[in-house]
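Asks:
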Amino acid sequence: MTNNWSDWQQYNDWHPDLDSFKETLDGGQAFCWEATDENTYQGIVANIPYCVRWEKPNKISWATHSSLFDEADALFGKYIGTENTYQRYYNVLPWRSDPHLEKCMARFPTLRILNQPSGETLLGFLCSAAKQIVQIKEMLSLIRERFGSEIVGNQKTLPSWDQLYAIDETALRECKFGFRAKNIKKTADLLHATPEILENLESQDYEIAKTTLSTLPGVGEKIADCVLLLGYQKLEAFPVDTWILKAMQRRYQLDDWNSKQVSHFGRRHFGSYAGLAQQFIFSWERKASRK
DNA sequence: TTCCAGGAAGTCG
DNA sequence: CGACTTCATGGA
68 MTNNWSDWQQ YNDWHPDLDS FKETLDGGQA FCWEATDENT YQGIVANIPY CVRWEKPNKI
128 SWATHSSLFD EADALFGKYI GTENTYQRYY NVLPWRSDPH LEKCMARFPT LRILNQPSGE
188 TLLGFLCSAA KQIVQIKEML SLIRERFGSE IVGNQKTLPS WDQLYAIDET ALRECKFGFR
248 AKNIKKTADL LHATPEILEN LESQDYEIAK TTLSTLPGVG EKIADCVLLL GYQKLEAFPV
308 DTWILKAMQR RYQLDDWNSK QVSHFGRRHF GSYAGLAQQF IFSWERKASR K
């Protein structure tokens, strides 16, 4: 932190416990946050560098570069969401009739779904196929460093899809993208030729938007659902990855169900905010497995 | 060593 | 349809 940074700004529309705070920022929704100490993360969202700090009792504050303050202030609230919104979401989820969901929500009582920039959400989850979260973060860190635009200091954005269009597949592979490089290159080509594909996705219905996103090379059901949930705020999306598949089979006695069946079950069982329920279950299952 | 990771797409029966 | 392979790379 230099004197080019703003003062700490308290954010009063989220009062997370420490576990929910860490899980929300660095639990696999976003790949841009690095812990600088036990209670603080540093990261770049779109073109804004942030520090976010947790303090007792359940308060958070953020800081940014002074020259970007107004923009940062507007983006932060949108990124994190508000108390009223999440009280409504938590109230509507069917935890009263679902003991496992109730247990997961009790473990991370203030967990949120980050409202991320859609372009970088698409890039992040195109990188995510058959990769561990720590490796996805490394891939994105490499491409940010090599091909991002400078903001202030030595900090850089992720490359936009326009910028990705200009990067050849070899360079992507040198960022450890592996077989994902081809899909990302092909998606960048397609978006360059027909950029209107991503227009108005926010206002489209979930099913329509999902069909549209699925036309992109490398985007199947799971990645489409992640991009819709985290990049387009479609809370009814229910991404089924290997963790959720195993968790649902085990905790909901869906022993021989496949991903498509579990996806359908999740949306029907959890309702309008199934994606939030999914994140509770995902977080709980991963936490349970690590100890 | 072997298995698996916030999967998708192609092939085969 | 559904099951099986291939695709890079590295952690566990």
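Residue numbering for the first sequence follows the working numbering, starting at 68 and increasing by one per position.
All residues carry an ideal CB built from backbone N, CA and C; glycine is no exception.
Only a predicted model underlies this, so the values are computations on that prediction, with no experimental measurement involved.
1) Name, in chain order, the residues that DSSP records as bridge partners for lysine 126.
2) Distance, Cα to Cα, valine 369 vs isoleucine 115?
3) Excluding the 5 residues preceding and the 5 following glutamate 274 in the sequence, name in chain order all residues of the same chain whose CB lies nearer than 8 Å to its CB.
4) What did DSSP end up calling alanine 102 once you bin it into helix, strand or coil?
5) Under the three-state reduction of DSSP, which class applies to tyrosine 108: helix, strand or coil?
6) For the region 300–340, list the alpha helix (DSSP H) runs that are entirely contained and at least 4 residues long, ordered along the chain.
7) With DSSP run on the structure shown, which of helix, strand or coil describes threonine 131?
8) Taking the continuous beta strand (DSSP E) assigned at glutamine 76, which residues delimit it?
9) Tell me where the alpha helix (DSSP H) around proline 166 begins and ends.
10) For arginine 163 and phenylalanine 337, I'd like the C-alpha separation in whole angstroms.
11) Indicate whether the contact test is met: 3 or more Cβ pairs, each with one atom in the region 137–151 and one in the region 74–94, closer than 8 Å.
12) On the CB-based measure, 16 or more other CB atoms within 10 Å of its CB, does valine 201 come out buried or exposed?
13) Quick check on this structure: which residue in Tyr319, Glu352, Lys327 and Pro284 has the alpha carbon closest to the alpha carbon of proline 166?
14) Skipping 5 residues on each side, what residues in its chain have a beta carbon closer than 6 Å to that of lysine 301?
15) Which whole-angstrom value is the C-beta distance of phenylalanine 347 and leucine 178, which I expect to be below 8 Å?
16) Tell me, which residues are paired with glutamate 217 by DSSP?
17) For leucine 312 and valine 329, what's the separation of their Cα atoms in angstroms?
18) Report the rounded CA-to-CA distance for leucine 190 versus serine 87, giving the unit in angstroms.
19) For phenylalanine 181 versus alanine 97, is the C-beta spacing smaller than 9 Å?
20) I'd like to confirm the pairing. Which residues does DSSP put opposite tryptophan 228 in its beta bridges?
21) Is the separation between the beta-carbon of leucine 225 and that of glutamate 269 shorter than 9 Å?
22) Using DSSP bridges, identify the partner residues of isoleucine 115.
23) What is the C-beta distance between glutamate 263 and alanine 248, in whole angstroms, given that I count them as a contact (C-beta under 8 Å)?
24) For arginine 174 and histidine 331, I'd like the C-alpha separation in whole angstroms.
25) Per DSSP, which one or two residues make a beta bridge with tryptophan 72?
26) Which one of Leu135, Ser128, Val307 and Arg335 has the shortest CA to CA distance from valine 219?
27) Any idea if threonine 91 is buried or exposed, counting beta-carbon neighbours within 10 angstroms, 16 or more meaning buried?
28) What residues in its chain sit with their C-beta under 6 Å from that of glycine 298, if we drop five residues either side in the sequence?
Replies: The relevant details are as follows:
1) Glu122
2) With the chain covering 68 to 358 only, the question about residue 369 has no answer from this structure.
3) Taking C-beta separations shorter than 8 Å and ignoring five residues to either side along the sequence, glutamate 274 has no partners in its chain.
4) strand
5) strand
6) Complete alpha helix (DSSP H) runs here, min 4: 309–318 and 326–337.
7) strand
8) Run containing glutamine 76: 76–78, per the beta strand (DSSP E) assignment.
9) It spans 166–174 - the alpha helix (DSSP H) in which proline 166 sits, taken as one unbroken run.
10) If you draw a straight line from the Cα of arginine 163 to the Cα of phenylalanine 337, it comes to about 12 Å.
11) yes
12) Its Cβ having fewer than 16 others within 10 Å, valine 201 is exposed.
13) Tyr319
14) The residues are Tyr273 and Leu295.
15) 6 Å
16) Secondary-structure assignment with DSSP links glutamate 217 through a beta bridge to Lys223.
17) 7 Å
18) A straight-line Cα-Cα distance of about 25 Å links leucine 190 and serine 87.
19) Sequence check: residue 181 is leucine here, not phenylalanine. In contact: leucine 181 and alanine 97 (Cβ atoms closer than 9 Å).
20) Tryptophan 228 is not bridged to any residue.
21) no
22) DSSP lists Val112 as partners of isoleucine 115.
23) Actually they do not touch by this definition, with Cβ atoms about 25 Å apart.
24) 25 Å
25) His132
26) Closest option to valine 219, Cα to Cα, is Leu135.
27) Classification for threonine 91: buried.
28) Gln183, Ser185 and Thr188
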